[in-house]
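Protein chains in written order, with our numbering: chain A, 322 to 449; chain B, 322 to 449. Even glycine gets a Cβ: it sits at the ideal position worked out from N, Cα and C. The block underneath contains the structure these notes are about, expressed in structure tokens.
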């Protein structure tokens with residue numbers, strides 16, 4: 322009775338457990354974006370992360386960061402003050418997300434986004 | 322007024338739109354597992370997908386497949402009967418998920434799963 326199986330998590334007996342462990346992180350909204358922000362911008366403070374993630378609330382961001390920390394992907398660092406500041410950085414395992422992000426970017430350009438139209442980068446000189 | 326912005330989706334102005342488009346698919350539970358099932362097993366019938374995805378309901382699977390079809394990642398094929406059967410396969414864009422899955426598997430072995438214990442493949446001859 323010590324170990325309870327995680328029955329609520331999406332799961333398949335037919336797939337690689339490492340793939341599923343990775344999907345377990347990324348199948349929650351915001352986790353991929355938080356990882357990508359830390360990967361592209363380097364260590365960030367809570368407020369900086371919050372400002373970069375449109376429409377994400379403080380509470381949700383706080384929960385997600387705790388979860389990513391518990392998984393060993395994000396490191397929470399307290400910078401001695403005053404004023405005391407809290408920063409977040411990717412751990413070594415977290416930095417491995419770089420390969421995933423590159424594969425995702427390469428894949429994402431080949432299919433339709435939620436709006437049903439292909440994603441295009443804005444071109445300067447053309448009306449948005 | 323024709324195009325409504327997708328305000329409810331996780332979004333950041335600082336990140337690659339293709340990356341975000343890909344995350345928009347994978348940040349929903351089950352989508353990654355459905356893609357991986359079709360990628361590793363080839364075309365499958367609804368019941369075969371359902372059997373491979375533990376604890377996923379018919380309705381949820383049906384919704385997810387429609388969404389993946391709308392994005393051009395999954396192709397729904399009706400096999401003329403009798404009995405008429407419906408199969409699902411990855412499109413060309415869907416097959417591009419292979420690179421993502423490989424990157425995810427490589428990454429997922431380096432950090433803690435939800436249970437807090439590292440994922441280990443079962444070794445034959447040892448008690449599970």
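Next on the checklist: Can you tell me where the beta strand (DSSP E) holding residue 392/A begins and where it ends?
Outcome noted: Taking the first residue of the first chain as position 1, residue 392/A is located at position 71. Per DSSP, residue 392/A belongs to no beta strand (DSSP E) and is neither H nor E.
Item to check | Helix, strand or coil at residue 361/B [DSSP, three-state] | outcome: The residue given as residue 361/B occupies position 40 in the second chain. It is helical.
Next on the checklist: Can you tell me whether residue 336/A is helix, strand or coil according to DSSP?
Outcome noted: Numbered from 1 along the first chain, position 15 holds the residue referred to as residue 336/A. Residue 336/A: coil per DSSP, three-state reduction.
Checklist entry - Going by other Cβ atoms of all chains shown within 10 Å of its Cβ, with 16 needed for buried, is residue 434/A buried or exposed? => result Numbered from its first residue, the first chain carries residue 434/A at position 113. Per the 10 Å Cβ criterion, buried.
Checklist entry - Considering residue 374/A, what are the terminal residues of the beta strand (DSSP E) in which it resides? => result Translated into positions along the first chain, residue 374/A becomes position 53. First-last for residue 374/A: undefined, no H or E at that position.
Checklist entry - In terms of alpha-carbon separation, which member of 366/A, 360/A, 359/A, 339/A lies closest to residue 404/A? => result Position 83 of the first chain holds residue 404/A. Among 366/A, 360/A, 359/A, 339/A, the Cα nearest to that of residue 404/A is on 366/A.
Next on the checklist: Can you pull out the residues from the region 396-420 of chain A whose beta carbon lies closer than 7 Å to at least one beta carbon of chain B?
Outcome noted: 414, 417, 418, 420
Checklist entry - Tell me which same chain residues have a C-beta within less than 8 Å of the C-beta of residue 413/B, skipping the five on either side of it? => result If you number the second chain from 1, residue 413/B lands on position 92. Hits under 8 Å: none found.
Next on the checklist: Using a Cβ-Cβ cutoff of 8 Å, what residues of the region 363-392 of chain B are near chain A? List them in chain order.
Outcome noted: 373, 374, 375, 376, 377, 391, 392
Next on the checklist: Is residue 411/A near the ligand NAD - that is, is its Cβ less than 7 Å away from at least one heavy atom of it?
Outcome noted: Absent from the structure shown: the ligand NAD. Ligands present: none.
Next on the checklist: Between residue 359/A and chain B, is the shortest Cβ-Cβ distance under 8 Å, so that the two count as touching?
Outcome noted: Working through the first chain from its first residue, we reach residue 359/A at position 38. No, residue 359/A does not count as interfacial toward chain B.
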